[in-house]
Amino acid sequence: MKMPFTQLPFGLIFASLIMLATNDGRAEGPDTLKVAAVQINGYDKCDVPRAGFDPTKDLIPYIDRAGKDEAHLVVFPEYVLGRIKVPGPETRRLAAAAAANQIYVVVGCWEVYNDDSYANTALVFDRSGKIMGRYHKTHAAVDHFEGQPAWAQPPSGKDREWFIKHDPEWTMERGNDLPVFEFDFGRVGILTCYDGWFPESFRALSLNGAELILWINGRGGSVEDFIMKSVMFQSHVAMVSTNQAYGAGTMIGEPTRIIARCPDREEAYITGDINLTNVRNARRLSRNFQQRRPDLYGRLTDATDVTN
3 MKMPFTQLPF GLIFASLIML ATNDGRAEGP DTLKVAAVQI NGYDKCDVPR
53 AGFDPTKDLI PYIDRAGKDE AHLVVFPEYV LGRIKVPGPE TRRLAAAAAA
103 NQIYVVVGCW EVYNDDSYAN TALVFDRSGK IMGRYHKTHA AVDHFEGQPA
153 WAQPPSGKDR EWFIKHDPEW TMERGNDLPV FEFDFGRVGI LTCYDGWFPE
203 SFRALSLNGA ELILWINGRG GSVEDFIMKS VMFQSHVAMV STNQAYGAGT
253 MIGEPTRIIA RCPDREEAYI TGDINLTNVR NARRLSRNFQ QRRPDLYGRL
303 TDATDVTN
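Add 2 to the 1-based position in the sequence shown for the working numbering, that's all there is to it.
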């Protein structure tokens, strides 16, 4: 026998309304999300560690600290774990720490494959310690060399060790997609350093459903807060940026303000509470999203040389 709507349990009605309020029928996560971000020197781009650095002994205390702070997620910089096999001893220890604290962990490394090829990888550990996903850096941050433009082929006559020592991104396996990961609190996208200098990357993640974008870095200059503010305003997302301590600029933000930051070039740890309800409401009610004109934007996907 069908039960009249007025006699349905209130909890069932409320849950149904929440699901109907989303764009895809997916139940939403918590109203407030506590995140932690760590600014620390580890391995750099060319796989040189800072003196005395131990990838797990130096990172695990921050995972424990974030767990005690009841954060849902802790984010580390690009490169920080160095060149590793996955899974391996480093990832197993980090996985145990994630599971012990019931916290998501995102951390950068050079992931080395069995054929010795490698990728600039952001590893995503879930609350049980499982590696639930990977993001591979899509844009190689290579520069001019021997008179060649930055978009040229890798310098000829150089062996693998030369590239690893001077600029491994010339020959890394580049990612070919911009995935959005389903965390238990919401949808999360990841970009790595130079990826964030291409505004299309942020926009694509937002259009793919990301509510929170993690931007991990490993560079000498500070992460640009004006990029974060612009992205959060235009794409209706919250953001976390991290950087190694030699560069600074680790930040947590929500549209359109920075909640917490590490402005100085020093090891640091910050937390921030992101109001996911505001983010989701902004996405649902956005005139900007509703009034897009994709028919005008085809030029963005053309392989065009604008230098001529």
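Here a beta-carbon is modelled for each residue, glycine too, at the ideal position from N, C-alpha and C.
All values reported here derive from a predicted model rather than from experimental measurement.
Grab me the residues of residue i's own chain with a C-beta within less than 8 Å of its C-beta, minus the 5 sequence neighbours each way, in chain order.
| i | result |
| --- | --- |
| M134 | V126, F127, D128, F183 |
| D266 | A250 |
| D118 | R162 |
| S203 | T140, H141, L180, L193, D197 |
| H238 | S208, P257, V281, A284, R285, S288, N290, F291 |
| A101 | R129, S130, G131 |
| E2 | What the structure shows of the chain is the stretch from 3 to 310, and residue 2 is not part of that stretch, so it cannot be assessed. |
| F165 | P156, W172, T173 |
| R295 | none |
When burial is assigned at 16 or more other CB atoms within 10 Å of the CB, is residue i buried or exposed?
| i | result |
| --- | --- |
| W172 | buried |
| W112 | buried |
| S158 | exposed |
| R285 | buried |
| G27 | For G27, the pLDDT reaches just 48, beneath the cut-off of 50, and the residue's location in the model is therefore unreliable, although a value from the coordinates is still provided. G27 is exposed by the Cβ-count criterion. |
| L302 | exposed |
| P91 | exposed |
| T34 | exposed |
| T123 | buried |
| R189 | buried |
| Q293 | exposed |
| V77 | buried |
| N43 | buried |
| G191 | buried |
| W199 | exposed |
| N245 | buried |
| T93 | buried |
| T306 | exposed |
Which same chain residues, not among the five before or five after residue i, have their C-beta less than 7 Å away from its C-beta?
| i | result |
| --- | --- |
| V144 | A152, D169, E171, W172 |
| K167 | C48 |
| G274 | V37, I254, I261, A262 |
| G223 | G249 |
| R205 | S237 |
| T279 | D33 |
| D56 | none |
| D66 | A99, N103 |
Could you name the residues that DSSP lists as bridge partners for residue i?
| i | result |
| --- | --- |
| P51 | Y45 |
| E256 | R259 |
| C195 | According to DSSP, C195 bridges with nothing at all. |
| V190 | F183, L214 |
| G135 | V126 |
| G274 | V37 |
| A121 | E113 |
Can you tell me the Cβ-Cβ gap for residue i and residue j, rounded? I've got them flagged as a contact below 8 Å.
| i | j | result |
| --- | --- | --- |
| M253 | A262 | 7 Å |
| K139 | T194 | 4 Å |
| G177 | G110 | Actually they do not touch by this definition, with Cβ atoms about 13 Å apart. |
| E175 | A121 | 4 Å |
| V225 | V37 | Between V37 and V225 the Cβ distance is about 16 Å, and since that is not below 8 Å, they are no contact. |
| Y271 | V40 | 5 Å |
| N103 | A68 | 7 Å |
| I62 | A99 | 5 Å |
| F334 | P32 | Not covered by the structure: residue 334. The range shown for the chain is 3 to 310. |
| F185 | Y64 | Not really, about 19 Å apart at Cβ, beyond 8 Å. |
For residue i, which residues from the same chain have a beta carbon less than 6 Å from its beta carbon, with the 5 sequence-adjacent residues on both sides left out?
| i | result |
| --- | --- |
| A240 | L214, E256, I276, V281 |
| V114 | R85, K87, Y120 |
| T258 | K231, M234, F235 |
| D297 | none |
| G211 | V182, R189 |
| L216 | V77, V108, I192, V242 |
| Y137 | A124, I192 |
| L75 | V37, Y106 |
| E269 | I42, A247 |
| R95 | T58 |
| K70 | none |
Could you check if residue i belongs to the surroundings of the ligand NAP, using beta carbon to heavy atom distance under 7 Å?
| i | result |
| --- | --- |
| W217 | Only the bare structure without any ligand can be found here, which leaves the ligand NAP out of the picture. |
Which runs of the beta strand (DSSP E) spanning at least 3 residues fall entirely within the segment 52-119, listed in chain order? The qualifying runs are 75-77, 106-114.
Entirely within the segment 221-255 and at least 4 residues each: give me those alpha helix (DSSP H) ranges in chain order. Counting whole runs of 4 or more residues, the segment 221-255 contains the alpha helix (DSSP H) stretches 227-237.
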